[in-house]
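2 protein chains.
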Amino acid sequence: MQDRTHAAAATPGETVTVAGWAHELRDLGGIAFLIVRDRTGRIQVKFEKEAMDDELVATGTDLTRESVVAVTGHVEEEERAPTGVEIVPETVDVIAPAEPELPLDPSEKVGAELPTRLDNRTLDLRRGEARAIFEIRAEVLRAAREAFRELGCTEITTPKIVATGTEGGTELFPITYFGREAFMNQSPQLFKQLMVGSGLERVFEVGPIFRAEEHNTPRHLNEATSIDFESAFIDHEEAMDACEHVVRAAYEGVAANCADQLDTLGYDDFSVPTEAFPR
Amino acid sequence: MQDRTHAAAATPGETVTVAGWAHELRDLGGIAFLIVRDRTGRIQVKFEKEAMDDELVATGTDLTRESVVAVTGHVEEEERAPTGVEIVPETVDVIAPAEPELPLDPSEKVGAELPTRLDNRTLDLRRGEARAIFEIRAEVLRAAREAFRELGCTEITTPKIVATGTEGGTELFPITYFGREAFMNQSPQLFKQLMVGSGLERVFEVGPIFRAEEHNTPRHLNEATSIDFESAFIDHEEAMDACEHVVRAAYEGVAANCADQLDTLGYDDFSVPTEAFPR
Chain V
10 MQDRTHAAAA
20 TPGETVTVAG
30 WAHELRDLGG
40 IAFLIVRDRT
50 GRIQVKFEKE
60 AMDDELVATG
70 TDLTRESVVA
80 VTGHVEEEER
90 APTGVEIVPE
100 TVDVIAPAEP
110 ELPLDPSEKV
120 GAELPTRLDN
130 RTLDLRRGEA
140 RAIFEIRAEV
150 LRAAREAFRE
160 LGCTEITTPK
170 IVATGTEGGT
180 ELFPITYFGR
190 EAFMNQSPQL
200 FKQLMVGSGL
210 ERVFEVGPIF
220 RAEEHNTPRH
230 LNEATSIDFE
240 SAFIDHEEAM
250 DACEHVVRAA
260 YEGVAANCAD
270 QLDTLGYDDF
280 SVPTEAFPR
Chain Z
10 MQDRTHAAAA
20 TPGETVTVAG
30 WAHELRDLGG
40 IAFLIVRDRT
50 GRIQVKFEKE
60 AMDDELVATG
70 TDLTRESVVA
80 VTGHVEEEER
90 APTGVEIVPE
100 TVDVIAPAEP
110 ELPLDPSEKV
120 GAELPTRLDN
130 RTLDLRRGEA
140 RAIFEIRAEV
150 LRAAREAFRE
160 LGCTEITTPK
170 IVATGTEGGT
180 ELFPITYFGR
190 EAFMNQSPQL
200 FKQLMVGSGL
210 ERVFEVGPIF
220 RAEEHNTPRH
230 LNEATSIDFE
240 SAFIDHEEAM
250 DACEHVVRAA
260 YEGVAANCAD
270 QLDTLGYDDF
280 SVPTEAFPR
């Protein structure tokens, strides 16, 4: 689908193919509107029933919400459309039809409880807010890694299957490792230190850690992504400076590159901390 | 150690503190030379025995190789020194002395067999070649992630503890997960697909995968770092274009940013592929 146009890039006068999800369908009798959603935005598709091929109209108006579709047609200006343009379709290709009854509403017009959302997480993730969280998270990872490189760190990826624990206080997940005892690592601590001693001097890792603590809150994770830093020839002041640099860089990255996502999540007062962090 | 100077940055006329490893010691009788190695390079420290404090001379000349030291002194031009400068020391601080007998020689003047190297991996990693491999690897990861972002991908980090395998043909490591059966994931495949369907459309992950195959070669890994990509609305040609883009970006990153490391490894003909990859 190399000739695909993203919804947000469709310009009046062009003939385009957009692909995405059937976000909404409004059938007003003589005319029907389909909103197609892709990762860049939404675009309206107009079905004028009298003026169009019956089969094309039927394909468009019979669509179930959240079905996957590709629509080819001519883009026209239409000030009443949500984005000021609409597609007059020539073909509508139903790539994957959705069940008519969905367990939750990704358009969020009808709310859903957390258990329903978790039981239907793939559908839940189609909500704009869920997607924004993942996109901001990706930006935080990017900005943090870049900040560590600015500090002269080399990125490492250390073993997750280990023979012993790194530190006390947390429980380990045991693994059956070819008949021998092994564990999933709770922290890259020891490996980081070995790599510092190897002469890399400053290293960082962004990777999974595993902690086998029974959890009874929705905030406690047995598996998480850890952002780790280790340096030789450094004192606690410089270590705190490094942490501050990375946290600030994450804020700066989100502020610079995630305006839409912050808006989706309702953060209208997001700002980068300007003062030195309390010590 | 915020006032530390890196070896490669020491400029004649300055008073500096360098910190690193005692790479080499040559005692010529009336004069002795210590080479201190840090991640930026090496610098010579000169001990003129008659002209210096006896204790300072003793500290410098008694150093065992690979000990960790910090040297403060005045930088002077010296064309016979390896880098054209040397430090006339005022203080030598032995941060951590090394055992006099090392199981292998990180300067590589004396070679070591693979089993010796693996049994003493922390020391082995002090070899310039080992370090260069890790540094190039970090650059490949950086360049690959950047290339995926250019393709419109969102970075994800998916669960490594899973309830079932992703695909046939590879064995899984079983985990004891609070009395239930679980496994370490062999691939992020299913999670990538779910995230594509969530509306992110294009995702990538760089993370560990686990395959419980008994190995009988030094090239077969039970744990590896996988570079994964998944996209909606794409055909096989575009998927191959994406792979080509990422592989080429990795070459470009290494060519642009790892000249010293390639030199250390003896690659004098490293170049970025310019032709389209065979299909």
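Line by line, the protein sequences give chains V and Z.
The numbering used here applies: residue 10 is where the first sequence begins, and numbers increase by one.
The numbering used here applies: residue 10 is where the second sequence begins, and numbers increase by one.
Each residue gets a CB set at the ideal place from its N, CA and C atoms; glycine is no exception.
Item	Value
Using a C-beta to C-beta distance shorter than 9 Å, which residues of chain Z count as neighbours of methionine 249(V)?	By Cβ distance, chain Z contributes nothing, its closest Cβ being about 11 Å from methionine 249(V), past 9 Å.
Enumerate in chain order the residues of its own chain whose CB-to-CB distance from lysine 169(Z) is below 8 Å, with the five nearest sequence positions on each side excluded.	Met193, Asn194, Gly216, Pro217, Phe219
Which chain Z residues sit within Cβ distance under 9 Å of lysine 169(V)?	Lys169, Met193, Pro217, Phe219, Glu232
Is the Cβ-Cβ distance between alanine 31(V) and leucine 43(V) less than 8 Å?	yes
For the segment 20-48 of chain Z, list every residue whose C-beta sits within 9 Å of some C-beta in chain V, in sequence order.	Ala28, Gly29, Trp30, Arg46, Asp47, Arg48
Measure the alpha-carbon distance for glutamine 270(Z) versus glycine 208(V) and round it to whole angstroms.	14 Å
Leaving aside the five residues before and after leucine 111(V) along the sequence, list all residues of the same chain whose C-beta is less than 7 Å from its C-beta, in chain order.	Arg74, Glu75, Leu132
Hey, arginine 13(V) and threonine 26(V): beta-carbon distance below 8 Å or not?	yes
Cβ closer than 8 Å: which chain V residues qualify as neighbours of proline 183(Z)?	Ile184, Thr185
Drop a sphere of 10 angstroms on the beta-carbon of methionine 204(Z), count the other beta-carbons inside from all chains shown, and report buried for 16 or more, exposed for fewer.	buried
Would you call the segment 156-166 of chain V in contact with the segment 95-113 of chain V, where contact means no fewer than 3 C-beta pairs closer than 8 Å?	no
Determine, using beta carbons only, whether valine 84(Z) and alanine 16(Z) come nearer to each other than 8 Å.	no
Distance cutoff 8 Å, beta carbons only. Does leucine 134(V) sit that close to anything in chain Z?	yes
In chain order, what residues of the same chain have a beta carbon less than 6 Å from the beta carbon of glutamate 180(V), not counting five sequence neighbours either side?	Ala221, Glu222
Residues of chain Z with CB closer than 7 Å to the CB of leucine 209(V), please, in chain order.	Arg48, Arg140, Phe143
Compare the Cα-Cα distances from isoleucine 243(Z) to each of Ile236(Z), Cys252(Z), Ser235(Z) and report the closest residue.	Cys252(Z)
Compute the Euclidean distance between the alpha carbons of arginine 51(V) and histidine 254(Z), then round it to the nearest angstrom.	28 Å
Would you say leucine 113(V) lies against chain Z (beta-carbon separation less than 8 Å)?	no
Return the residue from the list Gly120(Z), Val281(Z), Asp114(Z), Arg288(Z) that minimises the CA-CA distance to arginine 135(Z).	Asp114(Z)
Buried or exposed: where does arginine 151(Z) fall if 16 or more other Cβ atoms within 10 Å of its Cβ makes it buried?	buried
What does the Cβ neighbour count give for proline 141(Z), buried or exposed, with the cut at 16 atoms within 10 Å?	It should be noted that the sequence gives alanine, not proline, for residue 141(Z). Answer is buried; the Cβ neighbour count reaches 16.
Does any CB atom of chain V fall closer than 8 Å to the CB of glutamine 270(Z)?	no
So, with DSSP's three-state summary, where would you put phenylalanine 242(V)?	coil
Taking DSSP as the reference, what is the three-state secondary structure of serine 235(Z)?	strand
Where does the unbroken alpha helix (DSSP H) through methionine 204(Z) begin, and where does it stop?	198-204
If you compare alpha carbons, which of Ala172(V), Glu122(V), Glu247(V) is closest to phenylalanine 200(V)?	Ala172(V)
Output the boundary residues of the beta strand (DSSP E) element that contains isoleucine 44(Z).	40-47
Using the beta-carbon count (16 or more within 10 Å), is glycine 188(Z) buried or exposed?	exposed
Taking phenylalanine 219(V) as part of the alpha helix (DSSP H), name the residues at either end of that continuous run.	From DSSP, phenylalanine 219(V) is part of no alpha helix (DSSP H) but of the beta strand (DSSP E) over 211-219.
Provide the residue(s) that pair with leucine 34(Z) in DSSP beta bridges, ordered along the chain.	Leu43(Z)
Given that threonine 163(Z) touches chain V, what residues does it touch there, using C-beta distances under 7 Å?	Phe143, Glu144, Ala147
Thinking C-alpha only, which one of Val94(Z), Pro287(Z), Ala264(Z), Glu284(Z) is nearest aspartate 277(Z)?	Ala264(Z)
Along chain V, which residues have their Cβ under 8 Å away from the Cβ of glutamate 223(Z)?	Phe187
Distance, Cα to Cα, proline 124(V) vs phenylalanine 143(V)?	20 Å
Using a Cβ-Cβ distance cut-off of 8 Å, determine whether glutamine 11(V) contacts chain Z.	yes
Between leucine 65(Z) and chain V, is the shortest Cβ-Cβ distance under 8 Å, so that the two count as touching?	no
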